[in-house]
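**Student:** If you use our numbering, the sequence shown corresponds to residues 150 to 335, in order.
If you scroll down you'll find the structure; I have some questions about it.
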Amino acid sequence: MKSILFITGNPDKLREFREMLKDVTLEHKDVDLPELQGEPEEIAKEKAKLAAKLTGQTCIVEDTCLSFDAWQGLPGPYIKHFIKKLGAARTAEILHASSDNHKARAMTTIGYCEPGKEPVCIAGMTEGKILSARGTKNFLKGWDQIFSPTGDQRTFAEMEPEEKHSFSQRGKAINAFKRFLLQSDN
150 MKSILFITGN
160 PDKLREFREM
170 LKDVTLEHKD
180 VDLPELQGEP
190 EEIAKEKAKL
200 AAKLTGQTCI
210 VEDTCLSFDA
220 WQGLPGPYIK
230 HFIKKLGAAR
240 TAEILHASSD
250 NHKARAMTTI
260 GYCEPGKEPV
270 CIAGMTEGKI
280 LSARGTKNFL
290 KGWDQIFSPT
300 GDQRTFAEME
310 PEEKHSFSQR
320 GKAINAFKRF
330 LLQSDN
């Protein structure tokens, strides 16, 4: 299998990708790509295409959204900015104060691009709900402390990494990406 360059400045994302893509030679580079706006697939495609052009290598990028039903899909791809400004606990508090509907959807989109080719996007989604912040594992700078997947009462931050991967949108996207790589190698 060919070597792939993962463009991210997030060490937690890099760790999760490496845990789940053990059979792939995954290199890493922190390239300052512009923060694009739009729909998740558009963002991932543009970032992957730009990364492949800038580096001259086969690249993947990853974009994750967290959408609240009560807020008509917001914050969506802008969750990073909500968490950075408010923190996960405060974001959950504001949602809980504004609505009794705490349903949420987490989506990860992986953009894959070889130099000079059109990008491919692969996504994974997990339905769940927003709880009050709790837990001390996994992405503590993100929203793992407030998201609980459907079928479990714990937040991602209360799960062991392997357990989280089996529920998470990122785990689903990475597994679909592995299948894509196996098919494209044949």
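For each residue, glycine too, the CB sits at the ideal point set by N, CA and C.
On the DSSP letters alone, give me the boundaries of the beta strand (DSSP E) that Ser-216 sits inside.
**Tutor:** Secondary structure note for Ser-216: its beta strand (DSSP E) is the uninterrupted segment 208 to 217.
**Student:** Please work out which residues of its chain come closer than 7 Å, Cβ to Cβ, to Met-169, disregarding the five sequence neighbours upstream and downstream, and give them in chain order.
**Tutor:** His-314, Gly-320 and Ile-323
**Student:** Are there three or more Cβ pairs, one per stretch, closer than 8 Å when the region 215 to 222 is compared with the region 240 to 253?
**Tutor:** Using a Cβ-Cβ distance cut-off of 8 Å, the region 215 to 222 and the region 240 to 253 are in contact, since at least three pairs of beta carbons, one from each stretch, lie closer than that value.
**Student:** Under a Cβ-count criterion, where at least 16 other Cβ atoms within 10 Å of its own Cβ denotes burial, should Thr-275 be classed as buried or exposed?
**Tutor:** Buried, by the Cβ-count rule.
**Student:** Cβ of Thr-204 within 9 Å of Cβ of Val-180?
**Tutor:** yes
**Student:** Assuming Ala-197 contacts Gly-260 (C-beta within less than 8 Å), just tell me the rounded distance between them.
**Tutor:** Rounded, the Cβ-Cβ distance is 3 Å, consistent with contact.
**Student:** With a threshold of 16 other CB atoms inside 10 Å of the CB of Lys-278, please say whether the residue is buried or exposed.
**Tutor:** buried
**Student:** Counting along the chain, where does the alpha helix (DSSP H) carrying Ile-295 start and finish?
**Tutor:** No alpha helix (DSSP H) holds Ile-295; DSSP gives it neither H nor E.
**Student:** Can you have a look at Ser-297 and say buried or exposed, based on whether 16 or more other CB atoms are within 10 angstroms of its CB?
**Tutor:** buried
**Student:** Can you tell which of Lys-162, Gln-186 and Phe-231 has its C-alpha closest to the C-alpha of Ile-295?
**Tutor:** Phe-231
**Student:** With 16 as the cutoff for other CB atoms within 10 Å, does Thr-174 come out buried or exposed?
**Tutor:** exposed
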